[in-house]
Amino acid sequence: AFDVLVIGGGPAGAAAAIYAARKGIRTGVAAERLGGQVLDTMAIENFISVQETEGPKLARALEEHIKQYDVDIMNLQRASALIPAKAEGELHEVRFESGAALKAKTLILSTGARWREMNVPGEQEYRGRGVAYCPHCDGPLFKGKRVAVIGGGNSGVEAAIDLAGIVAHVTLIEFDDKLRADAVLQKKLASLPNVNVIKSALTTEVKGDGQKVNGLVYKDRTTDQLQTLELEGIFVQIGLLPNSEWLKGVVELSPRGEIIVDAKGQTNIPGVFAAGDVTTVPYKQIVIAVGEGAKASLSAFDHLIRTT
Ligand code: FAD
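Here you go:
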């Protein structure tokens with residue numbers, strides 16, 4: 211059995227595995243796709259101390275760093291169930307879709323999250339070429355340009371306010387006939403001179419010139435007319451979905467499906483820790499996921515020296 215078994219191989223899982231292995235304890239990491247969301251990222255300019263890198267390059271660096279240590283890496287393994295230890299001192303079990311099962315004294319859950327997509331023509335084609343999901347990451351790439359933000363919930367309105375300070379113009383597009391964001395955010399948004407809001411609008415297509423985004427088509431739901439906006443960027447802010455479906459009913463989750471953790475990364479199950487985008491820790495970023503992974507791993511080690 212493992213002392214520490216990490217589920218998920220993104221930045222959080224990589225940090226957790228390295229911190230555990232450096233304690234000289236038996237460590238494993240099982241992941242559906244080693245590298246995680248970083249693999250889908252183009253330019254990364256906010257991983258502090260690395261001025262600029264690309265997603266696949268950072269993912270490779272994470273893997274190389276893990277491989278410097280004695281860590282059992284099990285890639286292409288999708289976890290499907292967690293069976294917690296029945297009593298202190300017993301082992302937790304994780305089952306995989308492949309039929310495999312692994313046992314461990316402690317677990318670190320770091321299965322990340324995924325952005326909800328619009329599922330319209332052009333979105334995939336222009337992903338990373340005008341279609342973006344993270345204003346903290348990609349906002350500065352659109353300096354002086356025109357962008358749209360899709361979604362009028364808190365994250366959409368926060369993104370529009372944030373982007374308005376960087377880009378030339380922001381159009382916020384909301385499907386409903388009203389915004390759902392907190393009143394204080396809506397008030398702030400309304401005070402900004404370079405933002406306009408279009409409600410009752412369904413985005414139907416991302417347009418581009420073959421290289422990058424140059425427009426967006428939406429249907430005005432009050433008239434059923436199609437309208438086109440000329441712009442250079444589209445930030446999709448219609449939700450971030452934690453990869454926690456497999457933990458439902460076993461590990462305590464927030465109403466949004468995030469694993470509830472305390473300041474040490476501890477979940478409601480003793481010996482089971484969690485880190486990164488799959489948790490309630492706010493602000494989903496690589497630098498944060500790495501720190502949280504390290505923290506959860508140190509917490510797991512602390513748990514081991516007290517219980518075994
Ligand atoms: P993830 O990276 O999501 O990794 C999760 C891991 O768990 C993966 O290995 C996955 O395969 C695995 N997994 C999922 N479900 C299971 C399962 N059931 N069983 C086993 N394994 C499973 N952040 C920045 O800081 N800067 C940026 O510039 C930036 N740009 C981004 C651009 C894009 C397009 C995207 C999508 C995200 C970007 N982010 C950026 C966010 C950043 O990638 C995430 O915050 C970070 O990757 C979270 O790390 P994580 O380890 O928590 O989760």
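In case it helps, the UniProt record's numbering puts the sequence shown at residues 211 to 518.
For every residue, glycine included, the Cβ atom is placed at its ideal position computed from N, Cα and C.
- Scanning its chain for C-beta atoms nearer than 8 Å, with the 5 sequence neighbours on each side dropped, one finds around Arg243 the residues Gly219, Leu249, Asn285 and Leu286, in chain order.
- Asp430 sits in a strand when the DSSP states are folded into three classes.
- Here DSSP, grouped into helix, strand and coil, assigns Ser320 to coil.
- With contacts defined as CB atoms closer than 8 Å, Glu468 and Pro480 fail to qualify as a contacting pair.
- Listed in chain order, the beta strand (DSSP E) runs fully inside the region 478-512 are 482-484, counting runs of at least 3 residues.
- Boundaries cannot be given for Gly349, as no beta strand (DSSP E) includes it and DSSP labels it neither H nor E.
- Counted as a single uninterrupted DSSP element, the stretch harbouring Gly418 is not any alpha helix (DSSP H) but the beta strand (DSSP E) occupying residues Ala411 to Gly418.
- Where Gln437 is concerned, there is no enclosing alpha helix (DSSP H), although the beta strand (DSSP E) around it starts and stops at Gln435 to Glu440.
- In this structure, the C-beta of Ala323 approaches the ligand FAD to less than 7 Å from one of its heavy atoms.
- Straight across, the Cα-Cα distance linking Ala378 with Val239 is about 44 Å.
- Looking at the DSSP output, Gly425 bridges to Lys417 and Glu440.
- Residue pairing by DSSP places Glu468 opposite no residue, since no beta bridge is assigned to it.
- Ile283 is not a Cβ neighbour of Ala226, given a cutoff of 8 Å.
- Going by DSSP, Asp372 is part of the alpha helix (DSSP H) stretching over Asn364 to Ala374.
- Taking a C-beta distance under 8 Å as the contact criterion, Ile496 and Phe257 qualify as a contact pair.
- In the three-state reduction of the DSSP assignment, Leu272 falls in the helix class, which pools H, G and I.
- The region 308-325 and the region 390-404 do not touch, with fewer than three beta-carbon pairs separated by less than 8 Å.
- Checking the DSSP bridge columns, you'll see Glu264 partnered with Ala253.
- Taking Lys417 as the centre and dropping the five residues before and after it, the same chain places the C-beta of Gly332, Val423, Asn424, Gly425, Leu426, Val427 and Thr438 closer than 8 Å to its C-beta, in chain order.
- Separation of Lys505 and Ala231 (C-alpha to C-alpha, rounded to the nearest whole angstrom) is 14 Å.
- For Ile228, the uninterrupted alpha helix (DSSP H) segment begins and ends at Pro221 to Ala231.
- For Val394, the enclosing alpha helix (DSSP H) stretches over residues Ala393 to Ala400.
- Closest option to Val330, judged by alpha-carbon separation, among Thr413, Thr518 and Gly322: Thr413.
- Looking at the DSSP output, Trp325 bridges to Leu450.
- Shown here, Ile293 sits in a strand according to DSSP, grouped into three states.
- With contacts defined as CB atoms closer than 8 Å, Gly265 and Ile254 qualify as a contacting pair.
- When DSSP states are grouped into helix, strand and coil, Arg305 belongs to the strand group.
- Less than 8 Å divides the Cβ of Leu441 from the Cβ of Val357.
- At the C-beta level, Thr321 and Ser454 come within 8 Å of one another.
- Taking C-beta atoms under 8 Å as the contact rule, Ala222 and Val405 fail to qualify, at a distance of about 34 Å.
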